[in-house]
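Peer 1:
Numbering (our numbering), first residue to last: 1 to 513.
#1: Short check: CB of residue 113 to CB of residue 57, under 8 Å?
#2: Pick out whichever of 14, 45, 452, 191 has its Cα sitting closest to the Cα of residue 27.
#3: Around the Cβ of residue 509, are there at least 16 other Cβ atoms within 10 angstroms (buried) or fewer (exposed)?
#4: Whole angstroms are fine: how far does the CA of residue 346 sit from the CA of residue 426?
#5: Does residue 298 come out as helix, strand or coil in the three-state DSSP assignment?
#6: Run through the stretch 318 to 376 for me and flag every whole alpha helix (DSSP H) of 4 or more residues, listed as ranges in chain order.
#7: Quick check: the Cα distance between residue 261 and residue 364, rounded to an integer number of angstroms?
#8: Which residues mark the beginning and the end of the beta strand (DSSP E) in which residue 118 is found?
#9: In the structure shown, what three-state DSSP assignment does residue 391 receive?
#10: To the nearest whole angstrom, what separates the beta carbons of residue 355 and residue 375, a pair I think is in contact under 8 Å?
#11: Quick check on the DSSP output: the beta strand (DSSP E) that includes residue 107 runs from which residue to which?
#12: Jot down the residue ranges of each uninterrupted alpha helix (DSSP H) in the stretch 192 to 258, minimum 4 residues, whole runs only, in chain order.
#13: Below 8 Å on the Cβ atoms is my contact criterion, and I expect residue 257 with residue 513 to pass it. Report the Cβ-Cβ distance as a whole number of Å.
#14: What is the rounded straight-line gap between the Cα of residue 226 and the Cα of residue 331?
#15: Counting only the same chain and skipping the five closest in sequence on each side, list residues whose C-beta sits under 6 Å from that of residue 390.
#16: Using a Cβ-Cβ cut-off of 6 Å (strictly less than) and excluding sequence neighbours within five positions of residue 444, which residues of its own chain qualify?
#17: Can you grab the Cα-Cα spacing for the pair residue 95 / residue 101, in whole Å?
#18: Where does the unbroken alpha helix (DSSP H) through residue 44 begin, and where does it stop?
#19: Where does residue 136 fall in DSSP's three states?
#20: Which value, in whole angstroms, describes the spacing of the CA atoms of residue 62 and residue 462?
#21: On a CA-only basis, which of 90, 246, 465 is nearest residue 483? Give me that one, please.
#22: Which first and last residues belong to the beta strand (DSSP E) in which residue 28 is found?
#23: In this structure, does DSSP put residue 470 in helix, strand or coil?
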């Protein structure tokens, strides 16, 4: 149901106006990416779901994968997504043109209602309002938790985001878990075996449908072969000893894929995808010990400047590379110079010009957006820093206690926890499950259990309040002072457990130190 409540509500209103208004009795989340669940509150309310008037259907492990992507890595991923999607670029021929899968991202906040029914196996069938739906689980494809589904009565197949009218990402530049290209191809092949002969309409989460059995079969065949080809050829070269940067230079799309719009790199890019295949099997490390523990960018930059004979000498080399159209070499030289001295305005301006040239030449919209966003930040600076809650309230509200504590763990400031050891029992007014949590070796630990007699304190609170403390909306000292929680035992142990939470900012530097 789209990305945000506002866009989903408007889309449903349009459908109702054109097709006649009907109640929503089920929502299908095809997978665990925000643009496929974030608008749920625009089509159904939590009250309708709680009352059993609407089912929320999702692939198994959906909620865990959603939290892992949008909460655990949320602040960093959101910052990097500005580069991938170019949402801060002006919409004009020299700025943002497209996102590859669609024109652009909505800027509203996503929501989430937890699934009421998990699909756990391929072939599982549900009948909703008299409509039969057959599901195919496809984990570790375009998303860690994903599924396709088929409407037998309408001979219509939904391939979720496992097929699109473009080459997709095996790992998006915003960051994510590496996707399994081999499984991805095999699940498309399985869908062909299960449904293709009975399919007259194929539709996907993005882009337009395919009509007719022959067109459907050809589309699925090309999509299947694209992901298998990238997987096989990247690993063929890897097993010859090629490293990621070499593989991405040696591979080029064959004419069979270049001839079809839906297998070209308008979104994903072969350069990036080849490296993703390598990373999945062999990690980020290319096997050369010279790259095992490299200097960080600032220190390396300073030494490259010294090696070149100073900032002016390095700049002159970069300018010469730019003038020759050797933009990849120019951008590498200037990156060292800017990380050595971010106040070098000439270097920043030339780097921005270089990034623009790389962006204008990119077929992939994500590469274009990243380069042009970098150019904009080099000229204008990064977005203003602001406190970054762990993501939208709608996503937080659907989290389990364990997921809340997982998210809280990455906010624990290790440097402030020296010498602190605590053990607490948590009792929730809105969750029928006690938890034990504490601090040990500067690390938060937790498990569902009754608190032992040795616990420093027993804390009574709501899950909602725990979310507010974890996300930084409330300080534990204020919550205790205002009587919003009950503490039986050592209040100081409670403060020491919850008081040392880091705050993430939304505008950290990327293209400069």
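Glycine residues also receive a C-beta, built at the ideal position from the N, C-alpha and C atoms.
Peer 2: Reading it off the structure:
#1: No, they are not a contact pair.
#2: Scanning 14, 45, 452, 191 for the CA closest to the CA of residue 27 turns up 45.
#3: Its Cβ having fewer than 16 others within 10 Å, residue 509 is exposed.
#4: Rounded to the nearest angstrom, the two C-alpha atoms are 57 Å apart.
#5: Assignment of residue 298 by DSSP, reduced to helix, strand and coil, places it in the helix class.
#6: For the stretch 318 to 376, whole alpha helix (DSSP H) runs of length 4 or above, ordered along the chain, are 327 to 340, 345 to 361.
#7: Rounded to the nearest whole angstrom, the C-alpha separation of residue 261 and residue 364 is 12 Å.
#8: Following the DSSP letters along the chain, one finds residue 118 inside the beta strand (DSSP E) bounded by residues 117 to 119.
#9: Because the pLDDT at residue 391 is just 49, under 50, the model does not fix this residue reliably, and the value given afterwards should be weighed accordingly. Taken through DSSP and simplified to helix, strand or coil, residue 391 comes out as coil.
#10: Confirmed, Cβ separation roughly 4 Å.
#11: No beta strand (DSSP E) holds residue 107; DSSP gives it neither H nor E.
#12: Taken in chain order, the whole alpha helix (DSSP H) runs of length 4 or more contained in the stretch 192 to 258 are 213 to 238, 244 to 250, 255 to 258.
#13: That belief does not hold up - the Cβ atoms of residue 257 and residue 513 are roughly 40 Å apart, past 8 Å.
#14: Spanning the two alpha carbons is a distance of roughly 31 Å.
#15: Per-residue confidence for residue 390 stands at a pLDDT of 44, beneath the threshold of 50, marking its modelled position as unreliable; the derived number appears in the next sentence. Cβ neighbours of residue 390 beyond the five flanking positions: 71, 74, 407, 471.
#16: Cβ within range, chain order: 409, 412.
#17: Taking the straight line from one Cα to the other gives about 17 Å.
#18: Residue 44 -> no alpha helix (DSSP H), and no H or E assigned at all.
#19: If DSSP states are grouped into helix, strand and coil, residue 136 belongs with the strands.
#20: Taking the straight line joining both Cα atoms gives about 24 Å.
#21: Of 90, 246, 465, the residue nearest in Cα terms is 465.
#22: From DSSP, the beta strand (DSSP E) with residue 28 extends over 26 to 28.
#23: Here residue 470 sits in helix by DSSP.
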